[in-house]
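There are 2 protein chains.
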Amino acid sequence: MKPGSKNGNISDVLIKKNIKPSYQRIKVFEYLLGTDSHPTVEQIYSDLVNEIPTLSKATIYNTLNLFEGAQLARVITIEENETRYDACIEEHGHFKCENCGKIYDFPVNLDNLVSGNGILENFKVNEKNIYFKGICSKCLNNKSNKQEGKNGTGK
Amino acid sequence: MKPGSKNGNISDVLIKKNIKPSYQRIKVFEYLLGTDSHPTVEQIYSDLVNEIPTLSKATIYNTLNLFEGAQLARVITIEENETRYDACIEEHGHFKCENCGKIYDFPVNLDNLVSGNGILENFKVNEKNIYFKGICSKCLNNKSNKQEGKNGTGK
DNA sequence: TATATATTTATAAAGATTATAATTTTGTAA
DNA sequence: TTACAAAATTATAATCTTTATAAATATATA
Ligand SMILES: [Mn+2]
Ligand SMILES: [Mn+2]
Ligand SMILES: [Zn+2]
Ligand SMILES: [Zn+2]
């Protein structure tokens, strides 16, 4: 790796997908890769605007749509009007805690569901999504104690 | 059943959930029970407004939120900004065809996923959702023929 | 019937995403 | 380097979905 190209690997991933590695795109991708919080557009924007004061929210939308199309990121729609993004495109499930709002990953294998299934047998499956809702163990332990603040959505 | 109360059974279901069976609520519930199309708010409204000319879209939203809370209907969020509803609350999966937009049901049992799963073992799971995307068999057969119109979303 | 309560309606407000056009950046060739 | 063209970013307007609010209507009770 050449000196001064610390983001060489990230750039290369974008280039391989025919996406020009602009400063903003690298930063967004880097941000997604560095978190497991499944952030919303708002969260990505408000964090990155500190580093990039001229950043526009439209760029976040453009970039995420670009990544989605190139399958560099995955859209997570657990709640309506709260689109989240995940740079981990390996098959896995999501669990959203209805108390603290945190979204957890969990391992899952859905291949057997498709093969043994009557109707899906003749369908072409391009994308598989699974998510659960409930209360996470941390919140279960705090249940008799003080109420956790909010549910993470601000609603 | 008393004569003139053709919707007695539907009313009773609502009453059992402590929901007063108003004319509008009965019509919305009846509509949901009578379709397997997983309709959007817009579709429910535009169909029912023919029967109920004074109907307001706010009533549809109010009613569906009420049904959701009472677990008489299930929210399906496959695409962002396209919330759909399903009166079938039995556990099942959904498949959305990316070509014709139709949403199919498919049987699925997710209990084994929870029990064998490390992280979920200590969580309280209240709701399970699974949906796939791809191309349905009907569209696969038409693929070399004329292109099917739209993807059903109007986008 | 009179009155209180609940529901529906119409409309405004809020929030998220997309569309548009101007500005800025990047790449290329003279 | 400079000039030009293409692409990306930005700011902002427009659109769309959902929620909030208050007035009007319907329902239940005394
Ligand atoms: Mn994830
Ligand atoms: Mn269904
Ligand atoms: Zn929690
Ligand atoms: Zn199809």
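Top line first, the protein sequences correspond to chains Y and U. Each residue of the first sequence is one higher than the one before, counting from 1 in this note's numbering. Each residue of the second sequence is one higher than the one before, counting from 1001 in this note's numbering. Ideal Cβ placement from N, Cα and C applies to all residues, glycine included. In this text, all values refer to a predicted model and were calculated from it rather than measured experimentally.
If we call anything under 7 Å between Cβ atoms a contact, is residue i one with residue j?
i, j, result
"Y:Cys100", "Y:Cys139", "yes"
"Y:Ile130", "Y:Gly93", "yes"
"U:Val1114", "U:Val1125", "yes"
"Y:Pro21", "Y:Leu14", "yes"
Please confirm whether any heavy atom of ligand 4 lies closer than 6 Å to the CB of residue i.
i, result
"U:Asn1099", "yes"
Can you find a heavy atom of ligand 2 that lies under 6 Å from the Cβ of residue i?
i, result
"Y:Cys136", "no"
"U:Asp1086", "yes"
Pick helix, strand or coil for residue i, following the three-state DSSP scheme.
i, result
"U:Gln1043", "helix"
"U:Ile1119", "helix"
"U:Gly1149", "Residue placement at U:Gly1149 is poorly supported in this model, since its pLDDT is 43, which falls under 50; the coordinates still yield a value, given next. Note: U:Gly1149 maps to coil in three-state DSSP."
"Y:Lys102", "coil"
"U:Val1013", "helix"
"U:Gly1069", "helix"
"U:Glu1051", "helix"
"U:Thr1035", "coil"
"U:Val1108", "coil"
"U:Glu1079", "strand"
"U:Cys1097", "strand"
"U:Ile1026", "helix"
"Y:Lys57", "helix"
"U:Arg1074", "strand"
"U:Asn1018", "coil"
"Y:Lys133", "strand"
"Y:Lys138", "helix"
"Y:Lys143", "coil"
Smallest Cα separation from residue i: which of the options?
i, options, result
"Y:Ser137", "Y:Asn117, Y:Ser22, Y:Gln71, Y:Phe95", "Y:Phe95"
"Y:Thr59", "Y:Ile44, Y:Pro39, Y:Lys16, Y:Asn18", "Y:Ile44"
"Y:Arg74", "Y:Glu82, Y:Leu64, Y:Asn122", "Y:Leu64"
"Y:Phe132", "U:Asn1117, U:Thr1040, U:Gly1134", "U:Asn1117"
"Y:Ile135", "U:Ile1135, U:Asn1142, U:Ile1119, U:Leu1066", "U:Ile1119"
"U:Lys1027", "U:Ser1011, U:Tyr1104, U:Lys1017", "U:Ser1011"
"U:Asn1081", "U:Val1041, U:Lys1128, U:Val1125", "U:Val1041"
"U:Thr1035", "U:Ile1076, U:Asp1086, U:Val1049", "U:Asp1086"
"Y:His38", "Y:Leu72, Y:Lys124, Y:Lys143, Y:Lys102", "Y:Lys102"
"U:Lys1057", "U:Arg1025, U:Asn1122, U:Glu1030", "U:Arg1025"
"U:Tyr1104", "U:Tyr1023, U:Asn1062, U:Ile1078, U:Thr1054", "U:Ile1078"
"U:Lys1143", "U:Glu1098, U:Glu1121, U:Asn1122", "U:Glu1098"
"U:Phe1029", "U:Thr1054, U:Gln1071, U:Pro1053", "U:Gln1071"
"U:Tyr1023", "U:Thr1054, U:Lys1016, U:Phe1123", "U:Thr1054"
"U:Tyr1061", "U:Glu1051, U:Arg1084, U:Asn1050", "U:Arg1084"
"Y:Asn122", "U:Ile1076, U:Lys1017, U:Glu1051, U:Asn1141", "U:Asn1141"
Answer yes or no: the CB of residue i versus the heavy atoms of ligand 1, is any distance below 6 Å?
i, result
"Y:Asp105", "yes"
Mind checking whether the beta-carbon of residue i lies closer than 6 Å to any heavy atom of ligand 3?
i, result
"Y:Cys139", "yes"
Would you please state the rounded distance, in angstroms, between the beta carbons of residue i and residue j? I believe it to be under 8 Å.
i, j, result
"Y:Glu127", "Y:Leu110", "With 8 Å as the limit, Y:Glu127 and Y:Leu110 do not qualify as a contact, their Cβ atoms being about 11 Å apart."
"Y:Ile19", "Y:Leu66", "6 Å"
Should residue i be counted as a contact of ligand 6 given a C-beta to heavy atom distance under 6 Å?
i, result
"U:Glu1068", "In the structure on display, ligand 6 does not appear, and the ligands it does have are ligand 1, ligand 2, ligand 3 and ligand 4."
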